[in-house]
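Heads up, the sequence shown is in the numbering used here, so the first residue is 146 and it goes up one at a time. Think of the CB as a built atom: it goes at the ideal place given N, C-alpha and C, for glycine as much as any other residue. As the structure is a prediction and not an experimental result, all values here were calculated from the model. All remarks here apply to the structure that follows.
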Amino acid sequence: MNDPTPESHGRGRRALLAGAAGAGGLLLAAATAGPAQAAPHQAAPVLRYDTVRDLLAARHPADGAVAVVAGYHSPGDGGGGGYRWDAGATRTGNGGTVLDPARGKARRGRWLALHTGTVDFRRFGVTGPTTNADTALDAMVTDPSIARIEAHTDLNFVRRHTFSRSRIELDFGGHTVTTKGIEEASHDPDVSPFQAVLYFRGAVAKESIRFTTTEAIAELSDVFPVADSASFTVGGWYAVEVNALSGQYERELQKLLQVTQRVDGTHVRVNYQNGWPFAAGRTFTWTKVEPVTDVRVGNLAFVGSGGTPYAESDWPKPDPDEWNGSHPFAFEYAVRCDVADVHAVGTFWPVVMRRWGTFFRTERCSIANPPTVFYGGAGYLTQNIYCLYGHVEDCHSSNARHLTDFVNAAYCYVTNCHGDGDDAGGNPFTTHGQYEHDLVFTGCSGLMDIANSGSAWGTAAKRFTIRRHVMSWFVASTRISDLTLEDVTVIPRSTFDPDGKFMVNADGLQLRGCSAKTFAVAKTSSRSSRPNVISGCTFEVASANVLVQTPVDVAVHFDRCTFTDLSGVECHGSGPVYLTDCTITGTPGGKPISFAGTDVVVSGGRYTDTGFVLTATRDQRLHIGGGARIAGTNAAKALISRSGGDGTIDWELADYDSSADDGTAHVALATGTNRYTAVGSRFAGGTLSLSPQAFRGDSYLLQTGCVESGVDRTAYPPAGDRVHTGTDLTV
146 MNDPTPESHG RGRRALLAGA AGAGGLLLAA ATAGPAQAAP HQAAPVLRYD TVRDLLAARH
206 PADGAVAVVA GYHSPGDGGG GGYRWDAGAT RTGNGGTVLD PARGKARRGR WLALHTGTVD
266 FRRFGVTGPT TNADTALDAM VTDPSIARIE AHTDLNFVRR HTFSRSRIEL DFGGHTVTTK
326 GIEEASHDPD VSPFQAVLYF RGAVAKESIR FTTTEAIAEL SDVFPVADSA SFTVGGWYAV
386 EVNALSGQYE RELQKLLQVT QRVDGTHVRV NYQNGWPFAA GRTFTWTKVE PVTDVRVGNL
446 AFVGSGGTPY AESDWPKPDP DEWNGSHPFA FEYAVRCDVA DVHAVGTFWP VVMRRWGTFF
506 RTERCSIANP PTVFYGGAGY LTQNIYCLYG HVEDCHSSNA RHLTDFVNAA YCYVTNCHGD
566 GDDAGGNPFT THGQYEHDLV FTGCSGLMDI ANSGSAWGTA AKRFTIRRHV MSWFVASTRI
626 SDLTLEDVTV IPRSTFDPDG KFMVNADGLQ LRGCSAKTFA VAKTSSRSSR PNVISGCTFE
686 VASANVLVQT PVDVAVHFDR CTFTDLSGVE CHGSGPVYLT DCTITGTPGG KPISFAGTDV
746 VVSGGRYTDT GFVLTATRDQ RLHIGGGARI AGTNAAKALI SRSGGDGTID WELADYDSSA
806 DDGTAHVALA TGTNRYTAVG SRFAGGTLSL SPQAFRGDSY LLQTGCVESG VDRTAYPPAG
866 DRVHTGTDLT V
């Protein structure tokens, strides 16, 4: 074999060093470094070659010799760089950072790449997608001396890689990553979502510690009882889960937690304040984990493979893209692993798949046009299962199933994320309802559906805060407690839900400054001690003409709200309804608002072409005061009235103005037991129709200090022991 020498490759030293992509300073340091007080000596010359092929063909130099190579395949192609000859090295050649001239035929002697911890794919001869980048990826990720991997060209991968490496960064330089010809994934749907191109997974112990508690664990406790705290490592990580309730996946706790203290012999403290209380007798499983940590990946455009047509009618048949499709990243048993600037199209499973993750960020990422949005688990930007302390920020989805999905997650933020093309698919923002808690969504747009994946997960959540969100449909009517909504706008869209539904659960509900077309209050849980307050909101009509649904047995407060058309609306719930300084409008031909609750309290506000009818299905009370103004008419021709139920109704009319159209009664009572007081009220026009039949038995009437202006008393009981009319003014 010929022995190329520096002279035989006529490039000058300056040109070679320039072509080595910044390796010159490193090489000079490697070639000349020595003790500061050493006597002057002649440094060994730096060898120079045009290509890696030339380097491998050269005669072996002295041990420790340094060479600079101008390129991998050709000078200036970005490959090559600095190398040092290690005559005793036995590492397997990988075509990049370890070059074996003998290709395995000699036990010793390797060219080892010189680098400062940053290496790119071109050092392995991968200068574009025509050369698959899998071998180079494996070599770099598994090399502990490499802390940062860069791509300076488009890349193609055909294998699905699993790594346990920590403290590494992969920057794809904004280039396109494809997976043409990628190997099939597992046909097991529990496995294939994690068979991404890059799957980082921590090591999980084979044995677990199980303990059934004999004491209750309070909500927000970070101390857990164990059999023997000495079995736990302070600073160690554990996958912790509690036994399931009635649903198959219904566990309040599944998190990757760090033990921070042995409190005593039978208690440990963890880095998490638990969101749910536990009764004694629950079984907790602790599995030791060595998580992958401090991984950063991103800055790429990813094009998924597969793309088999799959329609909604095909569900639940398997979709071949489960194993033919591709997605870039998955993390499991991971701590502080972040993804940024990933823009994917055509991905089947979630672009960023996470499970058992703590402390993470997904930011400035997007998904567009996944092959299906009808297959469960497919078509997501990111799914976060059993995750804690996460951020999803500045992300976007187009024509996808979900932008983000949380399952048993806690203390996470979603900020400035937006999903469009959500007419025929899933909701950009969703949670499964497996006891997620303390999630915050701020400044987002796109459909949202909370805690609604089914009873198998528990349909439970608590303490969500959603701020400045715009969407065309919002449903949070399952067992979600302490929901806070601020400046949430639901605008109906003819292509999805023309009614623009907005439905919430009355369990510690707080709405401020929200607006929608159709609105309803449901109730499916009773955990919270917070009042249900809807303040400063604007709604057009009630969903299905029911504003407060039958199961609502707690008070609902509407404070300074505006309803533009509540004609015929019904409040079926048995709990009190408070209307404070509200503006409610109906239509002259529409029915008044019907109430079935124990108390209806109207304080202030303006009510036009509507009215209040109590069903009397139970004992009830109507209080009107605080300067309220009621005016106009309705189809019942009565602003205040009752239905035919047998309940006793207390009518408390105080400081309010009632202005009725001709032929319309301010109050119309014809039957039942009525305890009526009107003190300081003002009636103008219309009629008062208080039939004697409505004031028999236990009924009574007291009216005093009122003003009647142009009012026709079409019916009124005679004075008596239970009917008193005081110093009214009639003008």
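Check	Outcome
Member of Gly603, Asn819, Val191 and Thr663 whose CA lies at the smallest distance from the CA of Leu398	Gly603
Neighbourhood of Glu328 by C-beta distance below 7 Å, restricted to the same chain and skipping five residues each side	Val303, Arg304 and Arg305
Range covered by the beta strand (DSSP E) that runs through Glu508	Val497 to Glu508
Residues of its chain near Ser331, where Cβ-Cβ distance is below 8 Å and the 5 sequence neighbours each way are ignored	Ser337, Gln340 and Trp468
Touching by the beta-carbon criterion (3+ pairs, under 8 Å), the stretch 455 to 470 and the stretch 389 to 397	no
Beta-carbon gap between His577 and Val552 smaller than 8 Å	yes
Beta-bridge pairing of Ser353 - partner residues as DSSP gives them	Thr432
Bridge partner(s) assigned by DSSP for Gln848	Ala823 and Thr870
Every unbroken beta strand (DSSP E) inside the stretch 649 to 685 [3 residues or more]	655 to 657, 660 to 667 and 677 to 680
Start-to-end residues for the beta strand (DSSP E) that takes in Ala135	Outside the displayed span of the chain (146 to 876) sits residue 135, for which this structure offers no information.
Unbroken beta strand (DSSP E) run spanning Leu401, endpoints	Gln399 to Asp409
Three-state secondary structure (DSSP) of Pro465	coil
Ranges of the beta strand (DSSP E) found wholly within the stretch 232 to 274, counting only runs of at least 3	255 to 259 and 263 to 265
Limits of the beta strand (DSSP E) - the one that Ala810 falls within	Ala810 to Leu814
DSSP bridge partner residues for Tyr723 (one or two, in chain order)	His702 and Val746
Asn529, DSSP secondary structure in three states	strand
Exposed unless 16 or more other CB atoms sit within 10 angstroms - verdict on Val379	exposed
Cβ-based burial, Glu853 [other Cβ within 10 Å; buried from 16]	buried
Beta-bridge partners of Ser626, as assigned by DSSP	Lys607
Spatial neighbours of Leu874 in its chain, beta-carbon cut-off 6 Å, leaving aside the 5 residues before and after	Val852
Proximity below 8 Å, CB of Arg787 to CB of Ala761	yes
Beta-carbon proximity check, Leu200 vs Ala212, cutoff 8 Å	yes
Distance between Ala783 and Thr587 (C-alpha atoms, nearest Å)	45 Å
Distance between Gly451 and Pro274 (C-alpha atoms, nearest Å)	18 Å
Cutoff 8 Å; reference Ala181; Cβ partners in own chain excluding five residues on either side	Low confidence applies here, because Ala181 scores a pLDDT of 33, under 50, leaving its location unreliable; read the following figure in that light. Contacts found: none.
Sub-8 Å separation of Phe647 and Phe609 beta-carbons	no
Residues sharing a beta bridge with Pro370, DSSP	His412
Beta-carbon gap between Ile738 and Asp704 smaller than 8 Å	no
Whole-number beta carbon distance between Tyr845 and Arg820, since they are thought to touch under 8 Å	6 Å
When Thr307, Leu300, Gly742 and Phe345 are compared against Thr324, the one with the closest alpha-carbon	Leu300
Residues near Arg481 by beta carbon distance below 6 Å, same chain, minus five either side	Thr438, Asp439 and Phe504
Own chain partners of Asp288 with C-beta closer than 7 Å, once the 5 adjacent residues on each side are dropped	Thr242
Extent of the continuous alpha helix (DSSP H) to which Thr280 belongs	Asp279 to Val286
Ala363 versus Phe369 - alpha carbon distance	10 Å
Of the residues Gly731, Leu759, Asp754 and His218, the one placed nearest His717, counting alpha carbons only	Leu759
Distance between Gly831 and Thr809 (C-alpha atoms, nearest Å)	5 Å
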